[in-house]
Each structure stands twice: as structure tokens, then as C-alpha cells.
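Chemist: Letter by letter, the first sequence follows residues 215 to 787 of this note's numbering.
Every residue, glycine too, gets a C-beta built ideally from N, C-alpha and C.
Dumping the structure here so I can ask a few things about it.
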Amino acid sequence: MKWTQFFIPTSREIPADAVAPSHALMIRAGLIKQLVAGSYIYLPLGYRVLRKIEQIVREEMNRAGAIELFMPAMHPIELWQETGRVEAMGDTLIHLPDQDWRRGTVLGPTHEEIITHIVRSYINSYKQLPINLYQIQTKFRDEKRPKSGVLRTREFLMKDAYSFHTNIESLDEGYRIMFDTYCRIFDRCGLKYTPIEADTGAMGGSASCEFMTVTDAGEDILARTSDGKYAANLECAKLAPPHDAGCDRLDSIVEVHTPGIGSVESVSKFIGCRPSDMIKTMIFIADGQPLAALVRGDHEVSETKLKKSAGVASLLPADPETIRKVTGANVGFAGPVGLKIRMIADQFVAVIHNAVTGANKTDYHIKGVNPGRDFALKEVADIRAPVEGDIGPNDQPLVFEKCIEIGHVFKLGTRYSDAMHAHFLDAEGKSRPCIMGCYGIGINRIMAAAIECHHDENGIIWPLSIAPYHVLITCLDTNDEPVVQTAAGIHDELVSKGIEVLLDDRDARPGPKFKDADLIGIPIRITVSKKGLAAGTVELKYRDSADVQKIPAEQAIAQTIDKIRSEESRHST
RNA sequence: CGGGGCGUAGCUCAGUCUGGCUAGAGUGCCUGGUUCGGGACCAGGAGGCCGGAGGUUCGAAUCCUCUCGCCCCGACCA
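Given below as C-alpha cells:
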């Protein structure tokens, strides 16, 4: 492909609105253009990358025995009502609000309902299972705040796969295969990634693993131990149980007048204790019932962990009115002593001695509170949000890293097959719900994540596997016939070997051509110039290295082919 | 959805506080010339409903009201 006949609108200006490096580079390299907040145009060069990624995903999914199909983006809302997810998705679900048929139509943010509908229509025997169906489709989610370019958008490409099984063992096997497949996909895309334990969230299900790429542009935080043995999403990262330091003397309870002093900070200052000597009592509404969560004064409740420990689907902070009703005191004076509602204590609360807590009486706190003695420790769990330096489950300190989710595998169980009656007959003729797994990959995010991982101050450094072209021939003296001939010859020779080549035939000075070459990041560059040809050589340079080889054209061609073939063979087994 | 910021040439931005000449610069683009290995130089040129609507005023990019859009922080998020 000749540059002059293609469309690569590069820019030297750094876009004012782009904060993430990948965002700025994608715009400058002419890969994308924003249409509105959260929707991007993929320009020709960017679209080539997207298709490369899709193709890798396809090959690996097919290799794993998954079967591709294609589902609509517009869904009848009835299917979503069957699983109760119109409410669960809330504002994220985009409804078409207009007339007639559109009133009952939503834009698909994911496709569990549709795939389950398909399976219940056709699958009725255990002999047809297991099966794994996938598609690559545009998803629509009304993200409240799109950001960081293509990393978080309202409209995005996703590969979503759904597996159906007759039993747990089969699900485990399918899940494991998908896990391995995801590793292969991300490896092939040249991504650095970390699989981490994740919460199952609104998807429901028993096990879930997120694949994260570490980048400052990310919006998730992973917590891992420095030995690399444990990594989890911050919202559900587990903590080692604390050891009980013991206590010489258990005080008895004393009431303290704390007029208008409700926050942990102000109370600790007023009373003269450390925040860690306090027990914070947070009141929630969990599945409609009040629930008290106890954490140490210097800790925060992890709503994700609390939800899981409590075994509830919905969890909301209680309103002041409810708090008054439940505790008998204004907000800021709740405490566990004498509280009648369900209480879950964090494991760190269980080992506090002589604590300070709210008195359940406005403007009063009590000190000398001892868990177990002054209130029952019926439910003790790990419900607090970790902070950096906390000790993880393998007794190693946790470190945090910002990251972006590029893939997610779930064991769903029977949530959808139950709700939508996707049943099969087993060997005994008994009707049972399919056991499901689901597996997603963000195609656009892979593209952005790859740039986040691979760039320098001059531009993108594409991994060969997803580069828009393998080779860029920079033809410097476009008015010199031998130079033009040589460049064209190299181009044709490589193309005839199935290699994707971009030929920069623009009549421009060398500076801008080299700058553009670095910016768009084609992995292999061959420079043809009058000066070089006079010495019988062209230049071969890899984007990820500063070395330049001056060698005869034939040798450059041979070496280029070698390089590409050896890269390809790394993943061909 | 709360808080903050910004909308002026394709892009990056001055000008707005303190209203007043033909609305500017750099870059990009077009013409011609000199150049030609890491974003050259000279000369000429095209390009704007100053986001939109209403208002104040003799006069509005500039002041007021409303509105739309975009970015950032937070909340939210398979």
C-alpha cells in the first residue's frame, strides 16, 4: 500500500483533551477520531489494528472449540425482564424511547439473555452439551463518564462467549480452557497482563477472574503481593486475619458526652484515643433490611466484600431517617452495644480492646467497649477495604497498581438458565438447567492497552502481531528513479510473500517522514535513499531498537521475512 | 448525577477581566521558488455566524440570562 493512496491523518500537535498516552497517540497517529463523548471513529489504520486483534481472538476461540455466531445489538426488553436485569443494569441499559416497536427495545450491553434464548430454543439434550458460542459485537452501555479515549466508551467492541454445561465438572473444564485461551490471546497480542481474582458483581456466579493490564490510565486498582503469588481486584482483595495483641486490663464501659462530635476523626481527637481504637458502625439497607457493618475507626467498609459476606444482592447506605430509627440516635453516634439489627463485624474489630464507639444516643459515645463481652460477635468476616501495606492472604504485604480490565471470565451457574428456562434432559430423562459460563474480551481496550504498554516519546511501538502493517518502507528520494524502483521492488517482493507493507512514497523531506514513521509505530522500517543506494545498501531498523543496519536490499528482504516468520511461528502450535 | 475547567481557523492557542479599528499567532493546507537523512527557508494565498439562542448597548468574541457540547476529579460501572 502506498501512503499517498491511503489515508493516514497524522498530527504533530498534542490533542488538548487527551490525557492517557494511548489516547493522545491514537489521535496523533491517525488511528481514531472522536465523534461524540464515548464514541470513536476508527480510521483506516486504526481499523486494521482492530481487525488484527479480532482475528487473533477468533483463531484462538475457534482453536478452543468455541463456535462463532452473530447476535443483534437491538434487543426486545422482554428478554431482559425475564432475568430481572432491566433493574439490575439500571441506567447503564440504553432504551430506545420513541414510538411503536422502539418502546420495547434496548441496545445490548451484553448478551446473556439473547444467548440463553437461543440455547433454550435449540438445546434440549445432554448430548448437545457442552457448547461454547461466541460473537464479536458492538456493545452499548450508557457510561456516566466516558474517558481516556477508547479505554472507556459508550459503544465498544467486545468478544463475548457463553458456555453451557451439564455439570459443574464440565463448567470447570470449560472455564479452564477459556482461561488458557485468554492467556494465549493476550500473549499473541503482545500485552502485559495479570489475571486477578474478581468480584462477580451484577453478573452473579461463583468464580470470576479479570485480566488486567497495568497502566496509569486505568480506572481499576489491583492489589497484589510482591511475591506475585496473589493478585485481586482491590474491591475484593482478601486480608490475612489479624493477630490478637491481647490486653492486660479490660475497662468497663463509660459514657462520654460528645456534643455534636460524630466523625471518627473528631471523636478520637476529643476523647484522646487513636482512630484505630474506635469501632465505626455503618448502617446499610441490605436487600431491604437494615444491616450494621463494624469496622475499625481507621478502616473503610468494602461494600463489595460486605455484600458477599452478607449474602445479599443489593446494598445501600442507609438514609439518616433509617439510621435514627435503627440506632435511636442521629448519624454519627451509632454503636454495636445494644444494637438489635443484624451485625457483621470486620475481623479487625474482633481483636480490638477497650474500644470507643457510638452510644446509640445522640451526642454520646462510650469507651471501654470490648467485642464479645459487650456485644455478641455473631458474624465476623473480612469486610474492609484494603489499604496499601495491608497483609494479604499469603502473609505478604499488598501493593496496589492502577490497571485496565481487558478480559473477564465468569462461572455463571444457573442464574440465567433458571430465569429463562434453558433446560436440557439428562441421561435419566430429568430436566435440568444448563450450567453456564461467560467470557468477555474488550477488543478496543486491547488496542489501547497495547499502546499503553508499548510506546516511547516518539510514538507507538506496535507488537508485530497487531501492527497495522508489518513493514514500512521509507522512500526518501521520491524523485530519484532508482530509489523509487528499489523501494517498489522491496514492496512487491515482500507483498508477494504475504507480508503487509506500507510504502511511504510522499514527496516530503526526511524529517517529517521519520517522525511519522516513529509515530505510527510500524515494527520494521526499511529506508531507501539515494545515498544508501550509492553504497549498495538500504537501512533496516526495528521500531523497538535504536540499531540501524545498512545492508543490501536482498538481505533486508530476507531478514525481514525471517523476522516475521519466526514471530508467527511462536504462536502457531 | 455532584464539583471544577474549557468552547475563537483543520489542529494548538492568544484576545474576554477593563465592550470600540478589517478578529490574531503558530502549525497544517494551496501556488511559486530555493532546499533535501530526524517536523527547512522565502514570497504569495485560501480558510472564522468567536458553540447556539435571547438580552443589555450607538456598538458584543468580550457584559447578563438560558441552552448545547467537550475534558478533568468524584459517585456509578458484566
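Quick one: what's got a C-beta closer than 6 Å to Lys216's C-beta in the same chain, skipping five residues either side?
Modeler: What you label residue 216 is simply residue 2 of the first sequence in a count that begins at 1. If we look at Lys216 and ignore the five residues flanking it on each side, its Cβ neighbours are Leu717, Asp719.
Chemist: Provide the residue span of the beta strand (DSSP E) that contains Cys617, from first to last.
Modeler: The residue you call residue 617 lines up with position 403 of the first sequence. Taken as a continuous stretch (DSSP letters only), the beta strand (DSSP E) holding Cys617 covers 612 to 627.
Chemist: Per DSSP, which one or two residues make a beta bridge with Phe370?
Modeler: For the purposes of this step, residue 370 is taken as residue 156 along the first sequence, with counting starting at 1. For Phe370, which the question treats as bridged, DSSP gives the partners Lys353.
Chemist: Tell me whether the beta-carbon of Asp374 lies closer than 9 Å to the beta-carbon of Tyr348.
Modeler: Looking up residue 374 in the first sequence gives position 160. Looking up residue 348 in the first sequence gives position 134. In contact: Asp374 and Tyr348 (Cβ atoms closer than 9 Å).
Chemist: Check each candidate in Pro585, His331, Thr380, Arg510 and name the one with the smallest Cα separation from Ala641.
Modeler: Position 427 of the first sequence, counting from 1, holds the residue named residue 641. Distance check between Ala641 and each of Pro585, His331, Thr380, Arg510 places Thr380 closest, using alpha-carbon atoms only.
Chemist: Which term fits His635, buried or exposed, when burial requires 16 or more other beta carbons within 10 angstroms of its beta carbon?
Modeler: Here residue 635 corresponds to residue number 421 of the first sequence, with the count starting at 1. Exposed is the call here.
Chemist: Report the three-state DSSP secondary structure of Glu282 (helix, strand or coil).
Modeler: For the purposes of this step, residue 282 is identified with residue 68 of the first sequence, where counting begins at 1. It is a strand residue.
Chemist: I'd like the span of the beta strand (DSSP E) that includes Glu319, first residue to last.
Modeler: Working through the first sequence from its first residue, we reach residue 319 at position 105. Per the sequence shown, the amino acid found at residue 319 is Thr instead of Glu. Note, Thr319: beta strand (DSSP E), 319 to 321.
Chemist: Suppose you measure from the CA of Val709 to the CA of Asp761; what does that come to, to the nearest Å?
Modeler: Counting from one through the first sequence, the residue named residue 709 turns up at place 495. Counting from one through the first sequence, the residue named residue 761 turns up at place 547. Going by C-alpha positions, Val709 is about 25 Å away from Asp761.
Chemist: Can you tell me the Cα-Cα spacing of Glu411 and Ala451, whole angstroms?
Modeler: Along the first sequence, one-based indexing puts residue 411 at 197. Along the first sequence, one-based indexing puts residue 451 at 237. Here the C-alpha atom of Glu411 lies approximately 8 Å from the C-alpha atom of Ala451.
Chemist: Does the beta-carbon distance from Ile475 to Val468 come in below 9 Å?
Modeler: Taking the first sequence and counting its residues from 1, the one referred to as residue 475 is at position 261. Taking the first sequence and counting its residues from 1, the one referred to as residue 468 is at position 254. Cβ distance not < 9 Å, so Ile475 and Val468 don't count as in contact.
Chemist: Spell out a yes or no on whether the stretch 554 to 563 and the stretch 583 to 603 are touching, meaning 3 or more CB-CB pairs, one atom from each, closer than 8 Å.
Modeler: yes
Chemist: Express the C-alpha separation of Leu245 and His669 in angstroms, rounding to a whole number.
Modeler: Here residue 669 is taken as the residue at index 455 of the first sequence, counted from 1. Here residue 245 is taken as the residue at index 31 of the first sequence, counted from 1. Within the model, the alpha-carbon separation for His669 versus Leu245 is close to 15 Å.
Chemist: Can you have a look at Leu283 and say buried or exposed, based on whether 16 or more other CB atoms are within 10 angstroms of its CB?
Modeler: As a first step, residue 283 is located in the first sequence; it is residue number 69 there, counting from the start. Leu283 comes out exposed.
Chemist: Cα separation between Lys358 and Gly252?
Modeler: The residue given as residue 358 occupies position 144 in the first sequence. The residue given as residue 252 occupies position 38 in the first sequence. Lys358 and Gly252: Cα-Cα distance of roughly 10 Å.
Chemist: What is the rounded straight-line gap between the Cα of Gly542 and the Cα of Gly572?
Modeler: Residue 542 sits at position 328 when you count from the first residue of the first sequence. Residue 572 sits at position 358 when you count from the first residue of the first sequence. Taking the straight line from one Cα to the other gives about 11 Å.
Chemist: Tell me whether the stretch 225 to 238 and the stretch 424 to 443 touch, counting them as touching only if at least three CB pairs, one residue from each stretch, are closer than 8 Å.
Modeler: yes
Chemist: First and last residue of the alpha helix (DSSP H) that includes Gln295?
Modeler: Walking along the first sequence from the start, residue 295 turns up at place 81. 291 to 296 is the extent of the alpha helix (DSSP H) around Gln295.
Chemist: For the candidate residues Gly404, Cys652, Lys729, whose alpha-carbon lies nearest to that of Arg390?
Modeler: For the purposes of this step, residue 390 is taken as residue 176 along the first sequence, with counting starting at 1. Selected option, being the one with the closest Cα: Cys652.
Chemist: When DSSP labels each residue in this structure, what does Asn276 get in the three-state scheme?
Modeler: Sequence index remark: in the first sequence, residue 276 carries index 62 (1-based). In this structure, Asn276 counts as helix in the three-state DSSP scheme.
Chemist: Starting from Asp718, follow the alpha helix (DSSP H) in both directions and report where the run begins and ends.
Modeler: Numbered from its first residue, the first sequence carries residue 718 at position 504. For Asp718, there is no enclosing alpha helix (DSSP H); the enclosing beta strand (DSSP E) covers residues 715 to 718.
Chemist: Using a Cβ-Cβ cut-off of 6 Å (strictly less than) and excluding sequence neighbours within five positions of Ala662, which residues of its own chain qualify?
Modeler: As a first step, residue 662 must be located in the first sequence, where it is residue number 448. Here the set comprises Ser236, Val364, Leu365.
Chemist: Ignore the nearest five residues each way along the sequence and tell me which others in Thr576's own chain have a CB closer than 6 Å to its CB.
Modeler: The residue you call residue 576 lines up with position 362 of the first sequence. Here the set comprises Ala543, Asn544, Phe547.
Chemist: Does Pro726 come out as helix, strand or coil in the three-state DSSP assignment?
Modeler: For the purposes of this step, residue 726 is taken as the residue at position 512 of the first sequence. Note: Pro726 maps to helix in three-state DSSP.
Chemist: Can you tell which of Glu292, Asp394, Ser225 has its C-alpha closest to the C-alpha of Glu274?
Modeler: If you number the first sequence from 1, residue 274 lands on position 60. Closest option to Glu274, Cα to Cα, is Asp394.
Chemist: Rounded to a whole number of angstroms, what is the C-alpha to C-alpha distance between Ala701 and Glu671?
Modeler: In the first sequence, residue 701 corresponds to position 487, counting from 1. In the first sequence, residue 671 corresponds to position 457, counting from 1. About 28 Å.
Chemist: Alpha carbon to alpha carbon, what distance is there between Gly586 and Val570?
Modeler: On the first sequence, position 356 is the one that residue 570 refers to. On the first sequence, position 372 is the one that residue 586 refers to. Using only the alpha carbons, I get a separation of about 14 Å.
Chemist: Below 6 Å CB to CB, which residues in the same chain sit around Pro409 once its five sequence neighbours on both sides are set aside?
Modeler: Position 195 of the first sequence, counting from 1, holds the residue named residue 409. Cβ within range, chain order: Cys423, Phe425.
Chemist: Using the three-state DSSP reduction, which class does Phe400 fall into: helix, strand or coil?
Modeler: Taking the first residue of the first sequence as 1, we reach residue 400 at position 186. DSSP, reduced to helix, strand and coil, places Phe400 within a helical segment of the structure shown.
Chemist: Rounded to a whole number of angstroms, what is the C-alpha to C-alpha distance between Ala749 and Tyr254?
Modeler: Taking the first sequence and counting its residues from 1, one reaches residue 749 at position 535. Taking the first sequence and counting its residues from 1, one reaches residue 254 at position 40. So the alpha carbons of these two residues sit roughly 46 Å apart.
Chemist: Taking all protein chains shown into account, do 16 or more other C-beta atoms lie within 10 angstroms of the C-beta of Met156, making it buried, or fewer, making it exposed?
Modeler: Residue 156 lies beyond the range of the chain shown here (215 to 787); nothing can be said about it.
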